[in-house]
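Every letter in the sequence shown is one number past the one before it in the numbering used here, and letter 134, counting from 1, is 134.
Beta carbons: idealized from backbone N, C-alpha and C, even for Gly.
Values in this document were obtained by computation on a predicted structure and should not be read as measured data.
Below you'll find the structure, written out as structure tokens, and then a few comments.
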Amino acid sequence: MMVLLSPSKTMELTSHPTLTPSQPLFEEVTKEIWCEIQGVKKDELRQWMKLSPALTEAVHTMYHTKNRQHGMALWSYTGTAFSGLDAQTLSPDTLRYAQDYLGILSAMYGWVRPLDRLCQYRLEMALRSPKTNIAYHDFWRQRITEALSAHVNALDTKYLLNLMSAEYSKSVDWKFFPIDVVSCSFLQKSPKGLKNMAVHSKRARGLMARYVMEHRIHEIYRLKKFSAEDYQFSEAESSEDRLVFIR
1 MMVLLSPSKT MELTSHPTLT PSQPLFEEVT KEIWCEIQGV KKDELRQWMK LSPALTEAVH
61 TMYHTKNRQH GMALWSYTGT AFSGLDAQTL SPDTLRYAQD YLGILSAMYG WVRPLDRLCQ
121 YRLEMALRSP KTNIAYHDFW RQRITEALSA HVNALDTKYL LNLMSAEYSK SVDWKFFPID
181 VVSCSFLQKS PKGLKNMAVH SKRARGLMAR YVMEHRIHEI YRLKKFSAED YQFSEAESSE
241 DRLVFIR
């Protein structure tokens, strides 16, 4: 089962101590996007990305640093989902498996694999290119869809598990995707009923991605057995293509 995650805005460049990094699949496209952003003036950058003055300085410096550092994708994204995934504690065998079965979709890099060598960047899929005014999810959609479709066909897997946000899900043309796609929702019990709380949902996505990688999940019935951090599958709340877990 192929799994897709959104990236996180926050990054801290780190790599696995023994595994060899891989090169991103769309390096030439990434170079073009990087150069586009380098041409954006500081004040325009702040307005375009809706940044604070301090963050504007940091991001502007990030894009204009000549000797850029690199890290492996799965260790360098530091958001809540990646805290749940906890790549540092995965075995080398699981990480090699994840290289084929776990993907991260990125406005800068397109489709990212766990061991891909990345620079630190900040760029969201919903933003529009300063050069063409095309949203990055529209810019990437055909490229990502074609590459992922070829990949899952080669893997001969039946399902793709979409653990991405709605924003990043727009970067795949699902109607042309060659295999069945399922998604998950993670809900919290409250006095007012079931709630979708972003911080808990993000962490649960990472926990679910880890579960699929560690246990080599390929069938839907095994997904339903996910029980990390007290989540339980809800048959009543679920549908054929959306699995709901409640705690």
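Where residue i sits in the DSSP three-state scheme
i, result
"S22", "strand"
"S149", "helix"
"V40", "coil"
"D116", "strand"
"V244", "strand"
"Y77", "strand"
"L5", "strand"
"L13", "coil"
"L163", "coil"
"V59", "helix"
Cutoff 8 Å; reference residue i; Cβ partners in own chain excluding five residues on either side
i, result
"W48", "V40, L127 and P130"
"D241", "D180, V181, V182 and S183"
"Q23", "D116 and R117"
"T18", "P92"
Member of the options whose CA lies at the smallest distance from the CA of residue i
i, options, result
"M11", "K66, V182, S106 and S52", "S106"
"S83", "L207, Y159, T18 and E32", "L207"
"E28", "K189, P178, R143 and I246", "R143"
"V199", "L55, I217 and S185", "S185"
"M125", "E57, R141 and S22", "R141"
"L203", "S165, I134, T18 and V152", "Leu is not the amino acid found at residue 203; the sequence shown has Arg there. Nearest option by C-alpha distance: S165."
"V3", "L85, T89 and P17", "L85"
"T145", "L115, D156, R117 and W111", "W111"
"T132", "V244, I33, E235 and S234", "I33"
Through-space distance from residue j to residue i, alpha-carbon basis
i, j, result
"D138", "S149", "17 Å"
"L25", "K192", "46 Å"
"R113", "Y136", "19 Å"
"K97", "D43", "Reading the sequence as shown, one finds Tyr at residue 97 and not Lys. Each residue's Cα considered, the two are about 43 Å apart."
"S15", "M72", "5 Å"
"D230", "S52", "37 Å"
"A123", "P21", "Going by the sequence as given, residue 123 is Leu instead of Ala. So the alpha carbons of these two residues sit roughly 22 Å apart."
"E36", "Y168", "21 Å"
"A87", "T30", "25 Å"
"A54", "M62", "13 Å"
"R68", "G103", "24 Å"
"R216", "L95", "11 Å"
"R247", "T157", "30 Å"
Close Cβ partners of residue i (< 7 Å) along its chain, the five nearest in sequence each way excluded
i, result
"T282", "Examination of residue 282 is not possible in this model, given that the chain is present from 1 through 247 alone."
"M197", "Q188"
Sequence-distant residues of its chain with Cβ nearer than 6 Å to residue i (five each side left out)
i, result
"L194", "L187"
"I220", "none"
"Y109", "P24 and T30"
"S234", "V244 and I246"
Any C-beta of chain B under 8 Å from that of residue i
i, result
"T61", "Note that chain B does not occur in the displayed structure, where there is just one protein chain."
Going along the chain, which unbroken runs of the beta strand (DSSP E) with 3 or more residues stay wholly within the segment 184 to 242?
-> The qualifying runs are 193 to 195.
Please specify which runs of the alpha helix (DSSP H), each continuous and at least 4 residues long, are wholly inside the segment 79 to 141, giving them in chain order.
-> Those alpha helix (DSSP H) runs which fall completely within the segment 79 to 141 and span 4+ residues are 80 to 85 and 92 to 101.
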